Structures are given as structure tokens and as C-alpha cells.
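**Student:** Residue numbers (the numbering used here), protein chains in the order written: chain D, 393 to 507; chain L, 72 to 183.
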Amino acid sequence: NAGVMQNPRHLVRRRGQEARLRCSPMKGHSHVYWYRQLPEEGLKFMVYLQKENIIDESGMPKERFSAEFPKEGPSILRIQQVVRGDSAAYFCASSPNRGGTDTQYFGPGTRLTVL
Amino acid sequence: LAKTTQPISMDSYEGQEVNITCSHNNIATNDYITWYQQFPSQGPRFIIQGYKTKVTNEVASLFIPADRKSSTLSLPRVSLSDTAVYYCLVGELSGSARQLTFGSGTQLTVLP
Numbered sequence: 393n394a395g396v397m398q399n400p401r402h403l404v405r406r407r408g409q410e411a412r413l414r415c416s417p418m419k420g421h422s423h424v425y426w427y428r429q430l431p432e433e434g435l436k437f438m439v440y441l442q443k444e445n446i447i448d449e450s451g452m453p454k455e456r457f458s459a460e461f462p463k464e465g466p467s468i469l470r471i472q473q474v475v476r477g478d479s480a481a482y483f484c485a486s487s488p489n490r491g492g493t494d495t496q497y498f499g500p501g502t503r504l505t506v507l
Numbered sequence: 072l073a074k075t076t077q078p079i080s081m082d083s084y085e086g087q088e089v090n091i092t093c094s095h096n097n098i099a100t101n102d103y104i105t106w107y108q109q110f111p112s113q114g115p116r117f118i119i120q121g122y123k124t125k126v127t128n129e130v131a132s133l134f135i136p137a138d139r140k141s142s143t144l145s146l147p148r149v150s151l152s153d154t155a156v157y158y159c160l161v162g163e164l165s166g167s168a169r170q171l172t173f174g175s176g177t178q179l180t181v182l183p
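#1: Which value, in whole angstroms, describes the spacing of the CA atoms of L:Asn90 and D:Gln472?
#2: Does D:Arg476 come out as helix, strand or coil in the three-state DSSP assignment?
#3: For D:Ser458, which residues of its own chain have a beta-carbon under 7 Å away from its beta-carbon, when the five flanking residues on both sides are left out?
#4: In chain A, which residues lie less than 7 Å from D:Thr495 when you measure between Cβ atoms?
#5: Specify the secondary structure class of D:Asp448 as computed by DSSP and reduced to three states.
#6: What does DSSP give as the partner residue(s) for D:Gln396 in the beta ladder?
#7: The beta strand (DSSP E) spanning L:Asn90 covers which residue range?
#8: Closer than 7 Å, CB to CB, is L:Leu171 near chain D or not?
#9: Looking only at its chain, what residues have a beta carbon closer than 6 Å to the beta carbon of L:Leu72, apart from the 5 residues adjacent to it on each side?
#10: Out of curiosity, what's the CA-to-CA distance linking D:Leu441 and D:Phe498?
#11: Per DSSP, what kind of secondary structure is L:Leu72 in: helix, strand or coil?
#12: Which residues bound the beta strand (DSSP E) around L:Lys125?
#13: Considering Cα atoms alone, identify which of L:Trp106, L:Lys74, L:Thr75 and L:Ser83 is closest to L:Tyr157.
#14: In this structure, how does DSSP classify L:Asp138 when only helix, strand and coil are distinguished?
#15: Report the neighbours of L:Gln113 on chain D: residues whose CB is nearer than 7 Å to its CB, in chain order.
#16: Does any C-beta atom of chain L lie closer than 7 Å to the C-beta of D:Gly477?
#17: Starting from the beta carbon of D:Tyr425, find every residue of chain L whose beta carbon is closer than 8 Å, and list them in chain order.
#18: Closer than 7 Å, CB to CB, is L:Ser175 near chain D or not?
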């Protein structure tokens, strides 16, 4: 059973470009979470999704950031018009049920660098 | 403002027991407490999870008091390879909303 997969592992973008980060949850998991980790800092919750639904986006910046988890395919975190402050590691986690009662398993992360 | 706090850093020697405490005063009623280990440039790795009292697995123990406002991760006989950042994760109540919150992380350094 493969773990949580994220791609790309490293992504370089210039200011103003778009960044798309993909996350494939573990088999059988229908809940996906995205977290951001700025350099030398801890992990910050961004968004929690179930298939085709955003359950909690309280940690998402109001502008430029969006997330989806379609019926088929991976979850996508999209950052439009990236700025240098978006440079960070973005981690995806998945669980079979709601995160409060089920363990979240993390992917290896995508390291975004904005030039 | 709901906040989950941990000591910033701890040092230990090989073979010692290490206890790391996380304070989570506003933990949601039905939420479990989960601890993760993170090495540089890697994703967090699950260590242990519990709801109350004591949980033990092959790598750690987790102690949770009756009020659940804190939890203590116990690592028996640490080795150099246990040097990492350790995070607790809980669902916290912020007003009427529940928010997933990671602790600030504890950098554990194991010395020879």
C-alpha cells in the first residue's frame, strides 16, 4: 500500500507565475489536508477536503490560493501569481475519516521556491 | 486565541528517557492527540495517538491527564537517530469552530 504521494517534490516559479501542487492520498483514504511550513517554522493548517468538498479552509489565505479534491484524480493546491513569501514546503496528509479521530499520514512535501 | 505550545528545544544523552509535553488548553471534546516526528526536508512521521490516559506502542508512550489539557510524549532510551523535531497535533476549539493545530515543535537533540 503506497503512502501519500506528492508531486513535484521541488518546484521553482518566478514571481507572478502559477504553482500547482498535487497530492495523491493513501489508498482508501477520502480525506485530504494541506499544510504549509515556512523555513525554520512549524506546520500551519491550510485546508481540509473530502472528495469534491472543501470542509474547512480556515487556514487558507483569502486571495491567490485555492484547493480541490475531485472525484477522480489527486488533490490540487493552486497558488496564483506567486510571491516570494509563498516559498515554503507544502505538505499533504490523508486519513480514512475525519482527522480528529483518525491518524493523518503525511506525504514527503513539495518545496516551492519563488524567484 | 487557541494555542498549542511545546518547549522549543530539549537536549538528552543516548540511552536516557525523554519526555516532551504539549499544552493544549482548548482541545475539542472528541479530538485525539497525535504526535509526529520530523527530520529535515521530510514529511512528519506518525509516532503515536491517544485520547486519554496512557497509550504505548513499540516506539513511544503517550500520557494524557484526565482534563486532556496537555499530553506528554515519552521516548524510552533515545538514540542519536531520534534527533528530530517533535510535534503534537490536536483539534482546538476557537469560538464555535474547530481548528486543526500543530504545536510549535520541539527540537530534540540527542548527544553521544
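Even for Gly, the Cβ is constructed at its ideal location relative to N, Cα and C. All values derive from a computational prediction rather than experimental measurement.
**Tutor:** Based on what the coordinates show:
#1: 42 Å
#2: helix
#3: Arg470
#4: In the structure shown, chain A cannot be found, because the protein chains are D and L.
#5: strand
#6: Reading the sequence as shown, one finds Val at residue 396 of chain D and not Gln. Per DSSP, none; premise fails for D:Val396.
#7: Val89 to His95
#8: yes
#9: Interpretation of L:Leu72 is limited by its pLDDT of 47, a score under 50 that renders its predicted location unreliable; the figure taken from the coordinates is listed afterwards. For L:Leu72, where only same-chain residues beyond five positions count, there are no Cβ hits under 6 Å.
#10: 15 Å
#11: Reliability fails at L:Leu72, whose pLDDT of 47 lies under 50, so the model's placement of it is uncertain and the value that follows must be treated cautiously. Coil at L:Leu72, not helix or strand.
#12: Thr124 to Thr127
#13: L:Trp106
#14: coil
#15: Pro500
#16: no
#17: Leu171
#18: yes
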